[in-house]
Every structure is written in structure tokens, then in C-alpha cells.
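Colleague: Anchor point for the sequence shown: position 241 equals 240 in numbering that gives the first Met the number 0, and the numbering is continuous, going up by one each time.
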Amino acid sequence: MSSSTVITLKPATDLTADEIADCYSLVARTGFFFEPGYLESAHLTHNPKMVLAHQNGRLVGLQSYSLYRCKTPFRRRAMPVLYGGLAFQDTTAVGRGIAHQLSVSYMRHTFGPFWPLRSYAFMLRTPNPKLMQIMGLQHKLYLPTSNELTQTLIRFAREFVRKERGIRYTIDDRLVVLTPDEERTPTEITDQWPLFYRASQESFNQLAFDLKLIVQEDGRQYLTDNYLLVLGRSSRSQLLKAVWKLSRRWLGKRLSIGSQPPSPKPGEGPGVRATRPVQA
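1. What are the boundary residues of the beta strand (DSSP E) that includes Ala368?
2. Please confirm if the segment 116-129 is in contact with the segment 70-82, defined as three or more CB-CB distances below 8 Å between the two stretches.
3. On the premise that Thr71 lies in contact with Phe155, defined as a C-beta separation below 8 Å, what is that separation, rounded to the nearest angstrom?
4. Measuring only the C-alpha atoms, how far is Trp192 from Leu206?
5. Could you give the residue range of the beta strand (DSSP E) that holds Glu88?
6. In the structure shown, what three-state DSSP assignment does Gln54 receive?
7. Can you name the start and end residues of the beta strand (DSSP E) that Ala120 belongs to?
8. Thinking C-alpha only, which one of Lys162, Arg95, Ser236 is nearest Gln54?
9. By the DSSP assignment, the alpha helix (DSSP H) with Leu206 in it spans what residues?
10. Please confirm if the segment 181-197 is in contact with the segment 136-147, defined as three or more CB-CB distances below 8 Å between the two stretches.
11. Quick one: grab the DSSP three-state call for Glu18.
12. Determine the direct distance from the alpha carbon of Pro47 to that of His108, and round the result to whole angstroms.
13. Using the C-alpha atoms, what's the distance from Thr149 back to Arg173?
14. Is Glu163 helix, strand or coil by DSSP?
15. Just mark Gln220 as buried or exposed, buried being the case when its beta carbon has 16 or more other beta carbons within 10 Å.
16. Judging by CA-CA distance, which residue of Arg183, Ser234, Ser233, Ser236 is the nearest neighbour of Ile213?
17. Looking only at its own chain, which residues have a Cβ that is under 8 Å from the Cβ of Gln132, when we skip the five neighbours before and after it?
18. Where do the ends of the beta strand (DSSP E) carrying Val176 lie?
19. Could you tell me the alpha carbon to alpha carbon distance between Gly111 and Glu181, rounded to whole angstroms?
20. State yes or no: is the C-beta of Leu296 within less than 8 Å of the C-beta of Leu66?
21. Within this structure, are the beta carbons of Tyr105 and Tyr64 separated by less than 8 Å?
22. Taking only three categories from DSSP, how would you classify Thr189?
23. In terms of residue numbering, what span does the beta strand (DSSP E) encompassing Thr4 cover?
24. Assuming Leu101 and Gly60 make a contact with CB atoms under 8 Å, what is their CB distance in whole Å?
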């Protein structure tokens, strides 16, 4: 991550008018479209914790989280439940680790330095297959493709978002939030698809198409205004798998570098004889 990147955390109520305008501008640059006032009425009204990344005074990354504590199907006792509201980053920030830094900053702030060992559940509403894949790296996801998405979990997720988030749209048995036809504003994301939306694991892309979160027409991609309510929980086994994969990747790169032949010295190389310098 660039040394000029500054990450700050603040309650949504502390955002200035200029900062809110910057959020709208960042969202628009990713291909999403928010009606004027939507950010305030749908997200900021819940006063989430805002996590902002700036480079040279320009907003390049944004995430928001709300923290609840309630009983879940995962444990008998009440446990923390994170609701992820917003997650956007500028094209200049993609692939530079800023999204990871934003999320880690929030987790450390909320759960302390040993946050990977904490137990928590989470939910987020998204059409984005790439985001789903990222969340699955260190969490156990309960997706419609899994037989572990039971009626008990579906009922819990529905009741939670209706009570805590005020979502009144129909939520089907796949946890797809269905926007009424008269309120839909389909958005083309063809240019943004490769960078912001397409997952490297094809099953996540196919899930988004099957659930009609995203549709393809004549080689172009469109958001339909349907969203998947992604439900999951912290998983030490998934975290260890992610760490193991990253370690193998890092080790593979190091071994690859070490196995390369040394660069020839000046004056040496194929077809060039090394000579001693002439002494005066």
C-alpha cells in the first residue's frame, strides 16, 4: 500500500457534507448509481462506522460496518454480528491492498489485535461475485449453492435485516433481495466488470448470473438491482487455509527467484569471453 495512503475511522454522523459528496463521487466511479439522498437514507441513517482511505487528499476507498450483538443459529449465547454496508474503491486502488487494509483496520479497532481468533457472524447485501469470493477466503459462507443454508438460517437472516436494517423488500428462499420492478434502475457495468466484479473463481460469477444479480446481454453486463444477502461466520479453518495458500504462493515466488541464473556481469555472457583488465 502506498505510504501516502491515510486510513481513518469515524461514525457516519461525523461525516462532513464534503466527505459525503466524496463518497457519492467514489461510488459513481465504480459504475454504481446512487440516487441523491440514497446514501444518507439507506446507510448513514444507521450510523455505521465509516472506514475511509485517502491518497493525497482524494478518497480512494470506502467501507462501512455496523456492529450488533444478538443470538444466532451458530451459538447458544449472543455473539457479535457485523453488517457490511458499503465497500467501494477507486480504479487506482484495485490490487494494491487498500480494501484489505480498510477491513483489517476496522477489525482491529473493533475486536483488538487478536481479531482473527474472535467468533462473530456477518451479513452483507451485495450483487458482487468478487466480493463474495474475498469474504469466503477466511469465513464460512452459507450460499444458496450449499445445502447448509437451512430454513433456520434463512429465517434468522430475514428477521435480522428487517428488524435492524429496515429492509422491506421480498427476500426469497435463496436470500435474494428482490427489488420491485417499479423501483429498478438497471446499470451497465461492462467496463467495470473485469476489475471490480469478476471473481477469479468462476463458480461465484455463475452464482451471480443464476440468481440474476447480474445479467449478460450481447457480451455486456448489467446490475439488475437484485442483491444476495450473504450470511457467514468467522472460521479458523478457512483462515488457516488462506494463510497456507498465501504462504505457498510466497514461497513459490521466492524459490522461482532463487532458481533463476545470475545476470551476466558486464563484458560477460553468451559468446563473450571474460578478460582481465589490462594493467598499466
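The beta-carbon is built from N, C-alpha and C at its ideal position, and this holds for glycine as well. Keep in mind it's a predicted model, so treat the numbers as computed, not measured.
Modeller: Answer, in terms of the structure:
1. Residue 368 is absent from the model: the chain starts at 0 and stops at 279.
2. yes
3. By 1-based counting over the sequence shown, the position of residue 155 is 156. By 1-based counting over the sequence shown, the position of residue 71 is 72. About 6 Å; that satisfies the 8 Å criterion.
4. As a working note, residue 192 is residue 193 in the sequence shown. As a working note, residue 206 is residue 207 in the sequence shown. About 15 Å.
5. Start at 1 with the first residue of the sequence shown, and residue 88 comes out as number 89. In the sequence as presented, Glu is not what sits at residue 88; that position holds Gln. That run of the beta strand (DSSP E) goes 74-88.
6. Residue mapping note: residue 54 aligns to position 55 of the sequence shown, counting from 1. It is a strand residue.
7. In the sequence shown, the residue the question calls residue 120 occupies position 121. That run of the beta strand (DSSP E) goes 120-125.
8. Counting from 1 along the sequence shown, the entry for residue 54 is found at position 55. Ranking the options by Cα distance to Gln54, first place goes to Arg95.
9. Reading the sequence shown from its first residue, position 207 is the one you call residue 206. Run containing Leu206: 201-209, per the alpha helix (DSSP H) assignment.
10. no
11. In the sequence shown, residue 18 corresponds to position 19, counting from 1. Three-state DSSP puts Glu18 in a helix.
12. Here residue 108 corresponds to residue number 109 of the sequence shown, with the count starting at 1. Here residue 47 corresponds to residue number 48 of the sequence shown, with the count starting at 1. For His108 and Pro47, the distance between alpha carbons rounds to 14 Å.
13. Position 174 of the sequence shown, counted from the start, is the residue given in the question as residue 173. Position 150 of the sequence shown, counted from the start, is the residue given in the question as residue 149. Taking the Cα positions, Arg173 is about 10 Å away from Thr149.
14. In the sequence shown, counting from the first residue as 1, residue 163 sits at position 164. Glu163 falls in the helix class under three-state DSSP.
15. Counting from 1 along the sequence shown, the entry for residue 220 is found at position 221. The residue in question, Gln220, is buried, as its Cβ has 16 or more Cβ neighbours within 10 Å.
16. Residue 213 sits at position 214 when you count from the first residue of the sequence shown. Of Arg183, Ser234, Ser233, Ser236, the residue nearest in Cα terms is Arg183.
17. In the sequence shown, the residue the question calls residue 132 occupies position 133. Same-chain partners within the cutoff: Ala198, Ser199, Gln200, Phe203.
18. On the sequence shown, position 177 is the one that residue 176 refers to. Here the beta strand (DSSP E) through Val176 covers 175-177.
19. Translated into positions along the sequence shown, residue 111 becomes position 112. Translated into positions along the sequence shown, residue 181 becomes position 182. Approximately 44 Å, taken between the alpha carbons.
20. Lying outside 0 to 279, the shown extent of the chain, residue 296 is not represented and no answer is given.
21. Translated into positions along the sequence shown, residue 105 becomes position 106. Translated into positions along the sequence shown, residue 64 becomes position 65. Yes, the Cβ-Cβ distance between Tyr105 and Tyr64 is below 8 Å.
22. Taking the first residue of the sequence shown as position 1, residue 189 is located at position 190. Looking at Thr189 - three-state DSSP - the assignment turns out to be coil, as it is neither helix nor strand.
23. Position 5 of the sequence shown, counted from the start, is the residue given in the question as residue 4. Where Thr4 is concerned, the enclosing beta strand (DSSP E) stretches over 4-10.
24. Indexing the sequence shown from 1 puts residue 101 at position 102. Indexing the sequence shown from 1 puts residue 60 at position 61. Confirmed, Cβ separation roughly 5 Å.
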